[in-house]
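Be aware that the sequence shown starts at 0, since it is given in numbering that gives the first Met the number 0, and climbs by one per residue.
In what follows, a single structure is set out as structure tokens and then discussed.
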Amino acid sequence: MEASDRNTEWRKQLRQALNAKERTEIERVKMPELPPKERIKSQRLEVNTGLTPEMAQREAKRCMDCATPTCMEGCPVGINIPGFIKQIEIGEFKGAADILKQTSALPAVCGRVCPQEKQCESKCFYLQKLKKAPVAIGYLERFASDYAWESERTSKPKIENSLGGIAVVGSGPSGLSFAGDMAKKGYDVTVFEALHEIGGVLKYGIPEFRLPNRIVDKEIESLRKLGVKFETNFIVGMTKSIEELKAEGFRAFYIASGAGLPRFMNIPGENLNGVLSSNEYLTRVNLMGADGADSDTPVFCGKNVVVVGGGNTAMDSVRTARRLGAERAMIVYRRSEAEMPARLEEVKHAKEEGCEFITLANPVEYIADEQGRVKQVKLQKMELGEPDASGRRSPVPVAGAEYLIDADVVIVAVGVSPNPIIPHSVAGLEVSKKGTIVVDEKTMQSNLPELYAGGDIVRGGATVILAMGDGRRAAEYMHRQLQQQT
Ligand SMILES: Cc1cc2nc3c(=O)[nH]c(=O)nc-3n(C[C@H](O)[C@H](O)[C@H](O)COP(=O)(O)OP(=O)(O)OC[C@H]3O[C@@H](n4cnc5c(N)ncnc54)[C@H](O)[C@@H]3O)c2cc1C
């Protein structure tokens with residue numbers, strides 16, 4: 000019987016060893032963190048330091064091993080959540096990591112950056128039925144993946160890549176998830192990446208204090224061991240076209256080129272020196288070391304830094320500004336904190352680190368000094384109106400209520416658009432008005448039969464786990480299609 004099967008004798012015994020009441024009396028574990036004063040000294044000190052084995056096993060005991068695990072319904076890649084948690088409870092940490100790897104190419108990443116409060120943990124029995132804090136599924140996922148690496152006991156899969164060549168465009172979480180699944184099925188997978196680093200937003204967007212590069216690199220290493228090949232500095236659609244790659248023998252394509260095009264608000268002063276997109280800011284710091292004293296192209300750190308937006312990108316930017324020495328690092332958000340799309344933990348950490356939150360305010364103009372550099376932001380006061388299409392209460396300007404705040408750097412983090420190269424360069428490909436690739440939602444296949452797509456290039460800016468879920472589905476259906484052809 001499978002270790003992950005609920006009906007194994009040891010799982011039954013485990014359920015009997017500690018009754019339900021005893022399990023529910025255990026308090027949810029708290030993630031150990033570096034103190035705010037220490038962690039803001041560096042962009043590269045991870046804030047959450049991870050659970051100890053004792054903490055993880057105690058937290059695992061809280062899991063009721065439900066007959067119908069609703070937590071799994073909240074996971075887009077379908078991780079066997081009770082299965083891996085029960086392995087932790089009995090101290091089989093490698094077994095837990097192996098279960099995670101069955102359905103997720105990047106468990107150590109997901110354990111760190113998934114919005115668990117909106118996904119698996121939001122469906123947990125504790126929250127739904129007992130109105131108590133859910134089992135810390137994300138923390139346990141991170142624990143098992145990290146432990147398996149540290150003890151160097153990850154299983155080494157043996158795969159024969161004999162089913163033909165598959166090309167993946169983009170090495171973000173969607174491309175990596177797809178590549179892992181296809182390699183496991185026996186395909187010869189090559190991932191083409193425009194940048195010099197592999198990982199997409201995981202490397203160029205999310206800062207190291209949240210997701211260290213060494214974690215992303217370890218996940219990539221596991222994919223290399225499965226036989227996945229990577230070509231960096233290769234822009235599909237420019238370096239070579241899809242047609243040229245097809246002529247070289249690639250049988251099918253998965254497009255996971257993301258949504259890395261920054262959006263602006265088109266307000267006066269947006270072109271001033273000192274106003275930049277969060278993409279530029281974070282990429283320069285995270286990927287090009289522009290925060291370092293020895294950088295050839297350092298970013299201007301700023302004393303009063305305003306970050307416009309309320310999502311994860313805005314939180315990453317404001318916390319980066321704080322680490323780079325801003326005296327005032329301020330979030331300006333047009334709704335209230337309750338509507339912020341950022342992960343709750345990021346908002347909490349930003350506040351602990353001294354970032355300020357100016358809510359119900361929207362920039363309407365940036366004002367320059369004599370040198371053409373931003374010196375102030377004119378803010379429009381807002382109030383909340385009726386819910387809009389997103390279901391959140393909409394921001395409505397308060398007539399005549401404008402005020403100025405000082406700012407020497409403004410970082411705009413108000414959303415992203417799809418990367419345009421593939422949608423523009425592939426003849427006949429169906430593309431939406433927003434520039435996303437149109438696919439069948441079930442199979443992720445585009446109108447061109449040999450071309451599948453997923454992640455942010457299909458959804459616009461979304462989440463890591465949704466991008467990974469798309470990759471898994473595309474792999475399943477592409478495999479079915481290719482099997483029918485052979
Ligand atoms: C700063 C920031 C913080 C975030 N924080 C979180 C978080 O905490 N939790 C969460 O769940 N989500 C978060 N997100 C969103 C999440 O990262 C994205 O939804 C996810 O990365 C999308 O994955 P993807 O694989 O579709 O695209 P990406 O990660 O964008 O990867 C696409 C890759 O394709 C490459 N590419 C593009 N065009 C080409 C081409 N023509 N040829 C070759 N390569 C190409 C790009 O260089 C890039 O590396 C965050 C996003 C940002 C920007």
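Ideal Cβ positions, reconstructed from N, Cα and C, are used throughout, including at glycine.
Residue interval of the beta strand (DSSP E) (run including residue i)
{"i": "K323", "result": "It should be noted that the sequence gives Leu, not Lys, for residue 323. That residue, L323, is in no beta strand (DSSP E); it is neither H nor E in DSSP."}
{"i": "F124", "result": "Where F124 is concerned, there is no enclosing beta strand (DSSP E), although the alpha helix (DSSP H) it sits in stretches over 124-129."}
{"i": "I89", "result": "Premise fails: I89 is in no beta strand (DSSP E) and is neither H nor E."}
{"i": "D187", "result": "187-191"}
{"i": "A251", "result": "249-254"}
{"i": "V215", "result": "Careful: V215 lies outside any beta strand (DSSP E), inside the alpha helix (DSSP H) at 212-224."}
{"i": "I357", "result": "355-358"}
Residue i Cβ short of 7 angstroms to ligand 1 heavy atom set
{"i": "D315", "result": "yes"}
{"i": "C119", "result": "no"}
{"i": "S170", "result": "yes"}
{"i": "T442", "result": "no"}
{"i": "L194", "result": "yes"}
{"i": "D216", "result": "no"}
{"i": "P261", "result": "no"}
{"i": "G309", "result": "no"}
{"i": "T231", "result": "no"}
{"i": "R342", "result": "yes"}
{"i": "S256", "result": "yes"}
{"i": "I87", "result": "no"}
{"i": "V188", "result": "no"}
{"i": "T51", "result": "no"}
{"i": "F356", "result": "no"}
{"i": "S445", "result": "no"}
{"i": "A461", "result": "yes"}
{"i": "P114", "result": "yes"}
{"i": "G179", "result": "no"}
{"i": "F208", "result": "no"}
{"i": "G73", "result": "no"}
{"i": "A132", "result": "no"}
{"i": "V235", "result": "yes"}
{"i": "G174", "result": "yes"}
{"i": "A147", "result": "no"}
{"i": "F299", "result": "no"}
{"i": "A466", "result": "yes"}
{"i": "T312", "result": "yes"}
{"i": "N47", "result": "no"}
Beta-bridge pairing of residue i - partner residues as DSSP gives them
{"i": "S276", "result": "V411"}
{"i": "F233", "result": "F233 is not bridged to any residue."}
{"i": "R372", "result": "N272"}
{"i": "A166", "result": "T189, F252"}
{"i": "P261", "result": "V415"}
{"i": "M381", "result": "P396"}
{"i": "V307", "result": "V331, V411"}
{"i": "K239", "result": "V235"}
{"i": "Y365", "result": "V376"}
{"i": "P386", "result": "R392"}
{"i": "E32", "result": "N47"}
{"i": "K302", "result": "Answer is none; K302 lacks a bridge partner."}
{"i": "K228", "result": "T189"}
Supposed close pair residue i, residue j - CB separation, criterion 8 angstroms
{"i": "C109", "j": "E140", "result": "6 angstroms"}
{"i": "I234", "j": "I436", "result": "That pair is no contact at about 17 angstroms."}
{"i": "L99", "j": "T23", "result": "Contact flag wrong, Cβ pair sits at about 25 angstroms."}
{"i": "R321", "j": "A328", "result": "4 angstroms"}
{"i": "A488", "j": "K217", "result": "The question about residue 488 has no answer here: the residues shown for the chain are numbered 0 through 485."}
{"i": "S256", "j": "G169", "result": "4 angstroms"}
{"i": "Q375", "j": "A360", "result": "No, Q375 and A360 are not in contact; Cβ-Cβ is about 14 angstroms, not under 8 angstroms."}
{"i": "L50", "j": "V28", "result": "6 angstroms"}
{"i": "N418", "j": "G259", "result": "5 angstroms"}
N-terminal and C-terminal residue of the alpha helix (DSSP H) that residue i is part of
{"i": "F177", "result": "172-184"}
{"i": "L139", "result": "136-149"}
{"i": "P106", "result": "106-112"}
{"i": "M71", "result": "69-72"}
{"i": "K350", "result": "343-351"}
{"i": "V200", "result": "200-203"}
{"i": "P52", "result": "52-61"}
{"i": "L17", "result": "Run containing L17: none; DSSP gives neither H nor E here."}
What residue ranges within the segment 394-469 form continuous beta strand (DSSP E) runs of no fewer than 3 residues, ordered along the chain? Runs of the beta strand (DSSP E) inside the segment 394-469: 408-411, 450-452.
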